[in-house]
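Encoded as structure tokens, the structure appears first; notes follow it.
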Amino acid sequence: MKLIGIVDTTFARYDMASSAIDELYKTGTGFEIKRYTVPGIKDTPVAALRLFSEYNCDLVMAFGMPGPMPVDKMSAQIASTGLMEVQLKTMKHILEVFVHEDEAKDDRELAWLCDNRSREHAVNAYYLLFEPDKLTENAGSGLRQGFEDRGPVNSGSSGHKH
Amino acid sequence: MKLIGIVDTTFARYDMASSAIDELYKTGTGFEIKRYTVPGIKDTPVAALRLFSEYNCDLVMAFGMPGPMPVDKMSAQIASTGLMEVQLKTMKHILEVFVHEDEAKDDRELAWLCDNRSREHAVNAYYLLFEPDKLTENAGSGLRQGFEDRGPVNSGSSGHKH
Amino acid sequence: MKLIGIVDTTFARYDMASSAIDELYKTGTGFEIKRYTVPGIKDTPVAALRLFSEYNCDLVMAFGMPGPMPVDKMSAQIASTGLMEVQLKTMKHILEVFVHEDEAKDDRELAWLCDNRSREHAVNAYYLLFEPDKLTENAGSGLRQGFEDRGPVNSGSSGHKH
Amino acid sequence: MKLIGIVDTTFARYDMASSAIDELYKTGTGFEIKRYTVPGIKDTPVAALRLFSEYNCDLVMAFGMPGPMPVDKMSAQIASTGLMEVQLKTMKHILEVFVHEDEAKDDRELAWLCDNRSREHAVNAYYLLFEPDKLTENAGSGLRQGFEDRGPVNSGSSGHKH
Amino acid sequence: MKLIGIVDTTFARYDMASSAIDELYKTGTGFEIKRYTVPGIKDTPVAALRLFSEYNCDLVMAFGMPGPMPVDKMSAQIASTGLMEVQLKTMKHILEVFVHEDEAKDDRELAWLCDNRSREHAVNAYYLLFEPDKLTENAGSGLRQGFEDRGPVNSGSSGHKH
Chain A
1 MKLIGIVDTT FARYDMASSA IDELYKTGTG FEIKRYTVPG IKDTPVAALR
51 LFSEYNCDLV MAFGMPGPMP VDKMSAQIAS TGLMEVQLKT MKHILEVFVH
101 EDEAKDDREL AWLCDNRSRE HAVNAYYLLF EPDKLTENAG SGLRQGFEDR
151 GPVNSGSSGH KH
Chain B
1 MKLIGIVDTT FARYDMASSA IDELYKTGTG FEIKRYTVPG IKDTPVAALR
51 LFSEYNCDLV MAFGMPGPMP VDKMSAQIAS TGLMEVQLKT MKHILEVFVH
101 EDEAKDDREL AWLCDNRSRE HAVNAYYLLF EPDKLTENAG SGLRQGFEDR
151 GPVNSGSSGH KH
Chain C
1 MKLIGIVDTT FARYDMASSA IDELYKTGTG FEIKRYTVPG IKDTPVAALR
51 LFSEYNCDLV MAFGMPGPMP VDKMSAQIAS TGLMEVQLKT MKHILEVFVH
101 EDEAKDDREL AWLCDNRSRE HAVNAYYLLF EPDKLTENAG SGLRQGFEDR
151 GPVNSGSSGH KH
Chain D
1 MKLIGIVDTT FARYDMASSA IDELYKTGTG FEIKRYTVPG IKDTPVAALR
51 LFSEYNCDLV MAFGMPGPMP VDKMSAQIAS TGLMEVQLKT MKHILEVFVH
101 EDEAKDDREL AWLCDNRSRE HAVNAYYLLF EPDKLTENAG SGLRQGFEDR
151 GPVNSGSSGH KH
Chain E
1 MKLIGIVDTT FARYDMASSA IDELYKTGTG FEIKRYTVPG IKDTPVAALR
51 LFSEYNCDLV MAFGMPGPMP VDKMSAQIAS TGLMEVQLKT MKHILEVFVH
101 EDEAKDDREL AWLCDNRSRE HAVNAYYLLF EPDKLTENAG SGLRQGFEDR
151 GPVNSGSSGH KH
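Chains as they are written, first to last, in our numbering: chain A, 1 to 162; chain B, 1 to 162; chain C, 1 to 162; chain D, 1 to 162; chain E, 1 to 162.
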């Protein structure tokens with residue numbers, strides 16, 4: 001039985017963790033979930049570290065919604081740097097699922113984007129733990145989480161074989 | 001008995017630590033407080049680390065007020081990076097309570113913002129130590145410390161259930 | 001027998017890893033390859049670290065394609081910082097092979113650039129492992145991977161001897 | 001007997017260390033001084049670390065003068081990040097005394113600023129080592145080193161008590 | 001006998017390492033040199049670390065030439081951060097000798113700048129290892145490597161004594 005950690009914030013304006021948890025249970029079995037909520041994204045790295053060290057999680061998903069101001073972008077950068085550091089301390093993956101508030105044109109799209117990105121990254125989390133070959137099959141395919149996939153640059157061309 | 005560390009600066013233009021300490025005592029019991037004042041925000045990380053290592057604090061609140069100039073923003077980034085590093089070394093939370101001087105339109109609003117943000121983060125500190133479920137109840141709710149809460153993007157909609 | 005690790009992403013829009021693997025086999029022998037695909041560039045550092053620690057790789061090539069937006073540039077910076085950290089933890093080289101999507105004027109050039117840069121860095125990887133003197137012979141020569149070499153500033157001059 | 005380390009550079013255009021040393025001796029007793037000069041600010045962190053590890057310094061003051069160009073600002077950021085890291089490795093304070101060359105309107109003001117900031121931070125260094133309560137008394141007071149103090153935002157108001 | 005490590009790149013457009021090596025031999029004796037060439041500046045930190053750990057170098061000079069584009073500036077920042085980290089791991093100095101391609105107005109000046117900066121930093125390296133007092137004598141003197149020295153701000157004034 002694997003253990004997937006979920007870190008999220010009260011700052012975010014959408015309950016992305018619940019979308020991801022719902023999608024994880026639709027995708028497969030063989031895991032349990034441990035959730036840890038903190039105030040803001042800069043609090044997520046130590047929460048993730050504690051999930052790894054105290055609960056022995058196998059992978060963590062970290063959800064956050066940076067605001068639109070420069071100070072928010074700086075917070076996102078520092079949070080990401082911390083999440084990176086935790087991964088390198090623990091040798092475990094953290095999937096960072098951040099939706100920047102200014103990625104969407106209005107609240108409706110923002111809610112959709114949060115739900116969709118969380119679900120698509122939940123599938124990535126499942127693949128990393130249980131079916132890593134599914135990721136290699138899609139290497140270089142221009143996949144996106146949330147908005148539409150970009151696709152590979154050479155789709156339709158005959159010059160390159162995967 | 002828990003021990004909450006308080007780090008603040010002589011650079012800040014408001015005594016945010018006193019607001020937080022006052023609010024902590026209003027919020028609950030079961031903790032003591034240890035305070036450590038340094039000149040500026042870049043001095044706060046090592047102070048926090050010493051509070052964890054010498055006094056065995058369970059959580060630290062770090063208060064600072066970055067100025068409006070680019071050099072001040074850089075100082076804030078470096079201080080935040082240091083506070084992150086201390087959290088990952090100690091596996092303990094540091095709540096960073098920074099009020100950027102240019103967040104407020106005048107000194108009156110700045111004083112109000114400092115007081116209010118410090119108090120709201122004091123409650124977050126209490127929850128992290130004593131009632132973590134209170135945070136999960138508010139996951140994705142768009143809470144803010146200081147200015148008004150943004151609220152969830154799907155409030156009033158019928159499309160999503162928490 | 002050396003082991004070369006390959007980390008790539010499903011986010012990238014070109015299968016750069018396959019170009020590099022093809023070129024490695026054209027360049028020489030004495031190595032095997034282990035591939036690890038992750039969703040995005042910020043997932044590459046921990047993948048590289050696992051290739052070093054679990055499979056004892058001697059060198060890793062990390063392939064990624066940062067998008068054109070500021071948030072993508074920040075992701076690239078954080079990924080690079082993580083790849084740096086992994087190198088310093090393991091004392092092994094990681095050749096970072098990033099192609100920024102906005103380096104090319106269209107998809108055709110982007111595909112060409114991805115293929116070419118991957119191949120030229122594959123040769124660098126081979127030299128680092130098997131023929132380091134080939135690199136010293138070209139020190140200060142203004143070599144580039146992908147686009148045309150810039151060349152040395154003093155080519156044609158008589159004032160300086162290598 | 002405490003030992004205060006002094007790190008400075010040949011790049012800076014003012015001998016800030018001598019100002020600080022002079023002020024330290026005016027401020028109190030109970031310490032000795034060890035000085036280590038390096039070429040530029042990016043060389044100061046390892047110098048500080050060596051002062052801590054080889055000479056067992058209790059605190060280090062690091063003096064530098066970043067130039068006005070973007071490359072200089074980047075150097076300052078990297079130096080500060082390194083000084084932060086050294087503090088967290090040693091659990092000792094480093095007071096970073098940087099004067100950016102473009103903070104002053106001319107050379108005369110620059111010399112005055114260097115001298116004054118160095119002296120005021122020398123007093124901070126003394127307080128950190130010998131009289132930490134002096135800092136707490138001034139928490140939130142808007143103190144500055146070099147230019148005039150900003151003062152607290154609520155001076156003269158009746159709405160807040162320290 | 002001291003050992004000076006030299007790290008340089010095939011990306012740079014001038015063989016700065018050869019200038020530095022030539023100048024080191026003109027400056028003094030008592031050292032040997034070990035050279036390690038890598039593709040680009042982001043590869044220099046792990047090369048420096050290997051020179052320290054495998055060859056027991058006493059000091060490393062790291063040569064690089066960041067290009068003029070934002071992506072190049074980011075690479076320089078990451079390389080510098082890595083070189084900083086290596087210094088703090090090993091407690092040894094790395095003199096970073098970077099010449100940004102856009103510092104010079106044309107190729108001729110670029111070549112001159114590379115040669116001159118490399119030579120002047122070679123002397124700094126020698127002083128750090130063999131005559132550290134020479135650096136303290138020049139503390140605060142506004143020295144530059146490459147372009148003309150800026151000099152101290154108080155030259156000619158009578159208000160300040162070193």
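We put the beta carbon where it would ideally sit given N, CA and C, even for glycine.
Only a predicted model underlies this, so the values are computations on that prediction, with no experimental measurement involved.
Query	Result
Within chain H, partners of E:Phe-11 - CB distance below 8 Å	As a matter of chain content, chain H is missing from the structure shown, whose protein chains are A, B, C, D and E.
Any chain C beta carbon closer than 8 Å to A:Leu-110	no
Three-state secondary structure assigned by DSSP to E:Arg-144	coil
Chain E contact residues for D:Glu-103, given Cβ-Cβ distances below 7 Å	Residues of chain E passing the Cβ test: none, with the nearest at roughly 12 Å.
Any alpha helix (DSSP H) of 4 or more consecutive residues that is wholly inside the stretch 15–69 of chain A	16–27 and 44–55
Chain A within 8 Å of C:Tyr-14, Cβ atoms only	yes
Residue from A:Glu-103, A:Asn-124 and A:Asp-15 with nearest C-alpha to B:Ala-139	A:Asp-15
Minimum Cβ-Cβ distance from B:Glu-96 to chain A less than 8 Å	yes
Amino acids of chain A, ordered along the chain, whose beta-carbon sits closer than 7 Å to that of B:Arg-150	Arg-13
Chain D residues whose Cβ lies nearer than 9 Å to that of E:Met-91	Val-46, Leu-49, Arg-50, Ser-53 and Glu-54
Nearest-angstrom Cα separation, counted from B:Asn-154 out to B:Lys-161	Because the pLDDT of B:Lys-161 is 35, which lies under 50, any placement of that residue in the model is unreliable, and the question is left without a value.
Where the alpha helix (DSSP H) containing B:Glu-171 begins and where it ends	Given a span of 1 to 162 for chain B in the structure shown, any question on residue 171 of chain B remains unanswerable.
Neighbour flag for D:His-160 against chain B, beta carbons, 8 Å	At D:His-160, the pLDDT of 38 sits below 50, so the modelled position is not reliable; the number obtained from the coordinates is stated separately. It does; some Cβ of chain B falls within 8 Å.
A:Met-69 at chain C interface by Cβ criterion, 8 Å	no
Same chain only: Cβ atoms within 8 Å of A:Ala-76, ignoring 5 sequence neighbours per side	Ile-41, Gly-64, Pro-66, Phe-98 and His-100
Rounded straight-line distance, which links the Cα of E:Asp-72 to that of B:Pro-68	28 Å
Closer than 8 Å to chain E by CB, D:Ala-17	yes
For C:Gly-5 and C:Asp-58, the rounded distance between their alpha carbons	8 Å
B:Thr-9 (DSSP reduced to helix, strand or coil)	strand
A:Lys-169, DSSP secondary structure in three states	Because chain A in this structure spans residues 1 to 162, residue 169 of chain A falls outside the shown range and cannot be described.
Contact list for the stretch 19–34 of chain E against chain C, Cβ threshold 9 Å	Ser-19
Counted within 10 angstroms of its Cβ, other Cβ atoms place D:Arg-117 as buried (16 or more) or exposed	buried
Spatial neighbours of C:Leu-135 in its chain, beta-carbon cut-off 6 Å, leaving aside the 5 residues before and after	Tyr-127
Endpoints, the beta strand (DSSP E) within which D:Val-97 is located	93–98
Per-residue DSSP class, three states only, for B:Ala-79	helix
The stretch 16–25 of chain B contacting the stretch 43–57 of chain B, beta-carbon criterion three pairs below 8 Å	no
When E:Phe-147, E:Gly-28, E:Leu-3 and E:Ser-53 are compared against E:Leu-110, the one with the closest alpha-carbon	E:Phe-147
Below-8 Å beta-carbon distance, D:Val-38 vs any chain E residue	yes
Same chain, Cβ closer than 7 Å to C:Glu-96, neighbours up to 5 away in sequence not counted	Ala-62, Ser-80 and Leu-83
Close Cβ partners of B:Lys-2 (< 7 Å) along its chain, the five nearest in sequence each way excluded	Gly-30, Phe-31, Asp-58 and Leu-129
Distance CB(D:Arg-144)-CB(B:Arg-13) smaller than 8 Å	no
Distance, D:Ser-53 Cα to C:Glu-120 Cα	44 Å
Spatially closest choice to C:Asn-124 from C:Arg-35, C:Ile-33 and C:Ile-94, by CA coordinates	C:Ile-94
Proximity winner among A:Asp-115, A:Lys-34, A:Val-7 and A:Ser-141, relative to A:Glu-23 (alpha-carbon distances)	A:Asp-115
Alpha carbon of C:Val-7 to alpha carbon of E:Ser-141, nearest angstrom	48 Å
8 Å Cβ cutoff, C:Gly-82 in contact with chain A	yes
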